[in-house]
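Structure first, then comments.
2 protein chains.
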Amino acid sequence: MKKTVLIMAGGRGERFWPKSRKTMPKQFLALTDDRRTMLQLTVDRILPLVEMGDVFIVTNRDYRELVRQQLPKLPPENILCEPIGRNTAPCIGLGAMHIAKKYGDADMIVLPSDHLIKYTSIFLDTLESACIVAEEGPNLVTLGITPDSPETGYGYIKFQPDRMLGRAFAVERFVEKPNLETAKEYLASEQYLWNSGMFIWRVSTILDNLEQHLPKTYQGLCRIREVIGSREAEEVLEREFNAFKSESIDYGVMEKAENIYTLSGSFGWDDVGSWLAVGRIKRSNEFGNVVDGRAVLVGTKNTIIQGAEKLIAAVGLENMIIVDSEDAILICRQEHAGDIKKVLERLRICNQTEYL
Amino acid sequence: MKKTVLIMAGGRGERFWPKSRKTMPKQFLALTDDRRTMLQLTVDRILPLVEMGDVFIVTNRDYRELVRQQLPKLPPENILCEPIGRNTAPCIGLGAMHIAKKYGDADMIVLPSDHLIKYTSIFLDTLESACIVAEEGPNLVTLGITPDSPETGYGYIKFQPDRMLGRAFAVERFVEKPNLETAKEYLASEQYLWNSGMFIWRVSTILDNLEQHLPKTYQGLCRIREVIGSREAEEVLEREFNAFKSESIDYGVMEKAENIYTLSGSFGWDDVGSWLAVGRIKRSNEFGNVVDGRAVLVGTKNTIIQGAEKLIAAVGLENMIIVDSEDAILICRQEHAGDIKKVLERLRICNQTEYL
């Protein structure tokens with residue numbers, strides 16, 4: 018069956034401030050690589066499996082030009098722009114309708130645009146197996162990541178070790194981010210995987226499920242589909258998206274649907290959730306420092322430095338994050354990386370929107 | 018007797034990098050005040066005692082224009098430029114010759130341009146008392162600072178509590194920077210003051226002492242004096258300074274001379290020796306942070322932030338120094354402030370002279 022991919026690139030990630038901004042979110046930055054952005058790497062990675070003409074990007078209207086610049090070979094009509102973000106269910110529904118209009122039915126691989134995957138060949142092999150499961154019936158397949166630590170920042174998938182279809186396990190249930198104790202139990206039980214937010218299904222399967230579990234959203238999506246390519250397209254899209262309830266595909270569909278399967282993946286996945294990820298991913302020197310840009314380090318270790326134009330001099334530092342950007346500098350202790358969002362809250366309160 | 022002042026402003030302080038540079042040393046920066054530079058404050062402070070026409074500035078040739086800009090009311094001929102730095106003895110000798118040429122004899126107050134003095138009226142009162150002692154005989158008077166801690170970064174003056182002249186004590190000897198144990202003994206003995214590098218004497222007294230203790234330098238200074246104001250002035254100055262031995266007034270004269278007196282001062286003196294001084298001097302907020310420029314602080318305390326154009330966001334920091342400048346950013350733990358010079362060493366080794 019025809020294989021297509023939908024890449025979700027509408028996020029406005031705040032955790033990579035001050036490099037990531039409202040006008041330049043994480044997926045458009047080269048955070049894990051010296052040259053290619055995370056969106057570009059996501060496309061590069063999937064191309065052995067899918068033709069460029071079958072790659073669809075859903076993003077916000079504000080980022081259309083960024084996508085066009087970063088993916089010059091992508092057919093412009095494959096950039097699907099949401100007028101407003103309504104979480105993943107309407108986003109995936111919009112993609113499904115476009116693919117359905119073009120191909121009738123097809124395999125549909127849904128991927129975030131801002132994750133790192135180190136072992137591309139293992140990843141592609143896992144996707145191929147997932148497509149087989151998706152083609153065998155009205156199955157919704159999700160990739161689960163084999164945990165190597167009791168992470169409290171991810172949702173988990175409980176699978177049934179004795180119910181397999183192909184290489185996939187039947188999913189018993191999805192669970193939200195656990196506390197540390199629960200996460201440790203999950204890890205010990207060997208029945209839980211991390212929820213990666215990557216999905217594989219036939220377009221017809223996800224549309225049937227949207228119709229059943231989110232009928233109002235489905236009807237709006239149908240009205241959008243009718244006018245794709247016509248003069249009214251923009252107007253209808255705007256109206257319907259404004260009317261949509263904000264709904265994630267996990268809560269809106271996956272937790273209610275039947276026939277959910279998961280394939281466990283071990284392909285060097287990282288959700289690149291904060292600056293700490295850059296420390297994990299990029300090459301460090303003998304003192305554990307990860308440095309981009311011009312820097313002079315004196316008595317400094319385990320420190321992440323992301324420079325811009327200016328020279329950065331670090332003296333006597335340990336476990337720090339230093340990021341320079343065009344108009345703002347971040348200096349943050351690594352254990353406080355989660356508090357970067359508080360900086361953005363303050364900026365919002367003080368109406369200093371130019372820095373957001 | 019006529020009162021004159023010689024302000025030494027030729028230093029190239031490195032400890033305020035990256036704000037202080039070879040082209041813009043500490044004394045030309047507003048480090049302790051929001052508007053006035055340290056040189057300007059030094060002149061402001063002394064003007065109740067001395068007329069502007071009797072203020073002489075010795076600096077390096079490279080800084081003539083900076084002095085002119087910062088002190089527009091100073092007579093241009095009062096800017097005395099050294100072709101090359103030869104420490105304080107030739108510097109003070111050059112000033113003494115200019116003053117002698119203009120006035121024959123006069124009181125001469127010698128001040129660094131880069132110290133902070135909080136209580137101007139107490140300072141001026143101390144200077145007046147010092148002038149009386151200087152006028153009473155061939156006395157060399159130095160201001161000693163009453164210590165409030167066992168500082169290891171300053172030289173000390175041992176005075177004789179039972180030998181006074183006016184308000185001054187006779188000096189028994191000068192001692193170099195002590196280790197902590199010795200510094201504690203000095204403090205406990207109540208017979209030691211910090212050596213501030215501020216001097217008061219008659220011009221004739223210091224010239225006699227230079228003739229006696231540094232005769233070669235004295236002879237060179239005499240040749241310079243002969244041609245002051247003539248066409249050859251620059252050429253002779255260049256030749257003589259190149260020939261001078263580098264010599265401090267402390268080693269070259271004070272430690273060998275007779276009739277040394279010290280007045281103890283308690284006028285809120287700080288030598289502004291490193292970024293830590295900015296933390297001591299400037300107003301801090303409730304969390305002990307001293308902030309200049311635009312900044313957002315989250316969970317941050319006892320941190321010194323000196324911004325430039327960019328917003329600085331500090332998250333989870335304690336006891337840090339953050340300084341932004343046009344082309345370089347410093348992030349330094351306060352206890353490592355002394356290692357800033359290592360940054361400059363590295364830059365020199367790597368030939369990145371644009372940052373020096």
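Quick mapping for you: the protein sequence lines, in order, are chains H and G.
Per the numbering used here, the first sequence starts with residue 18, numbered consecutively.
Per the numbering used here, the second sequence starts with residue 18, numbered consecutively.
Every residue gets a Cβ at the ideal spot worked out from N, C-alpha and C, and that includes glycine.
query: Given that a residue counts as buried once 16 or more other Cβ atoms are within 10 Å of its Cβ, and exposed if not, what is S263 of chain G?; result: exposed
query: Hey, out of H:R242, H:A274, H:M215, H:N319, whose CA is closest to D131 of chain H's CA?; result: H:M215
query: Could you pull the start and end residues of the alpha helix (DSSP H) that L56 of chain G belongs to?; result: 55–63
query: Is DSSP giving D50 of chain H helix, strand or coil here?; result: coil
query: For D122 of chain H, go through chain G and note every residue whose CB falls closer than 9 Å to its CB, in chain order.; result: Those do not exist, as D122 of chain H stays about 49 Å from chain G at its closest Cβ, beyond 9 Å.
query: Give me the chain B residues within the contact set of H353 of chain G, using Cβ-Cβ distance strictly less than 8 Å, ordered along the chain.; result: The chain labelled as chain B is not found among the protein chains of the depicted structure, namely H and G.
query: Counting only the same chain and skipping the five closest in sequence on each side, list residues whose C-beta sits under 6 Å from that of N156 of chain H.; result: V150, N276, Y278
query: Cα separation between Y80 of chain G and Q44 of chain G?; result: 11 Å
query: Between the Cα of V192 of chain G and those of G:R180, G:F176, G:A205, spot the shortest distance and give me the residue it belongs to.; result: G:F176
query: Can you grab the Cα-Cα spacing for the pair I266 of chain H / L328 of chain H, in whole Å?; result: 45 Å
query: Evaluate M55 of chain H with the Cβ neighbour count: other Cβ atoms within 10 Å of its Cβ, from every protein chain shown; 16 or more gives buried, anything less gives exposed.; result: buried
query: Would you kindly work out how many angstroms separate the C-alpha atoms of W292 of chain G and K359 of chain H, rounded to a whole number?; result: 28 Å
query: Is any heavy atom in the ligand PLP found nearer than 8 Å to the beta carbon of K175 of chain H?; result: Looking for the ligand PLP in the displayed structure turns up nothing, as the structure carries no ligands at all.
query: Applying a beta-carbon distance threshold of less than 9 Å, which residues of chain H neighbour L364 of chain G?; result: V313, L328, A330
query: On a Cα-Cα basis, can you pick out the residue from G:C349, G:F261, G:V127 that is closest to A331 of chain G?; result: G:C349
query: Under 7 Å Cβ to Cβ from M69 of chain H, same chain only, skipping five residues before and after it: list those, please.; result: K90, L91
query: Any contact between the segment 303–316 of chain H and the segment 235–243 of chain H? By contact I mean 3 or more CB pairs, one from each, below 8 Å.; result: no
query: How about A185 of chain G and L280 of chain G: do their beta carbons lie closer than 9 Å?; result: yes
query: Distance, Cα to Cα, N319 of chain H vs A354 of chain H?; result: 14 Å
query: Using a cut-off of 8 Å between C-beta atoms, extract the partners of V360 of chain G located in chain H.; result: V313, V315, A330, V332
query: Specify, as a first and last residue, the run of the beta strand (DSSP E) that T279 of chain G falls within.; result: 277–282
query: For A113 of chain G, which residues does DSSP report across the bridge?; result: Answer by DSSP bridge pairing: none, since A113 of chain G is not bridged.
query: Identify which residue in G:K20, G:I63, G:T105, G:R32 has its Cα closest to the Cα of Y120 of chain G.; result: G:K20
query: For W34 of chain G, would you say it is in contact with chain H, using Cβ-to-Cβ distances shorter than 9 Å as the test?; result: yes
query: Beta-carbon within less than 6 Å of Y209 of chain H's beta-carbon, same chain only, minus the 5 sequence neighbours each way: which residues are those?; result: Y173, K175, Y203
query: With a threshold of 9 Å between beta-carbons, can L46 of chain G be considered close to chain H, or not?; result: no
query: What did DSSP end up calling A345 of chain G once you bin it into helix, strand or coil?; result: strand
query: Once DSSP output is grouped into helix, strand and coil, what is the label at R240 of chain G?; result: helix
query: Residues of chain G with CB closer than 8 Å to the CB of A345 of chain H, please, in chain order.; result: K327, L328, I329, A330
query: Of all Cβ atoms in chain G, is any one closer than 9 Å to the Cβ of Y372 of chain H?; result: yes
query: Assess contact between the segment 217–226 of chain G and the segment 104–121 of chain G, defined as three or more Cβ pairs (one per stretch) separated by less than 8 Å. Is contact present?; result: yes
query: Whose CA, out of H:E152, H:D287, H:N259, H:A294, lies closest to the CA of G161 of chain H?; result: H:D287
query: Using a C-beta cutoff of 9 Å, does D356 of chain H count as contacting chain G?; result: yes
query: If you draw a straight line from the alpha carbon of A345 of chain G to that of P129 of chain H, how long is it in whole angstroms?; result: 36 Å
query: Take the Cβ of C367 of chain H as the centre, count every other Cβ of all protein chains shown within 10 Å, and call the residue buried at 16 or more, exposed below.; result: exposed
query: Would you kindly work out how many angstroms separate the C-alpha atoms of K36 of chain H and M41 of chain G, rounded to a whole number?; result: 31 Å
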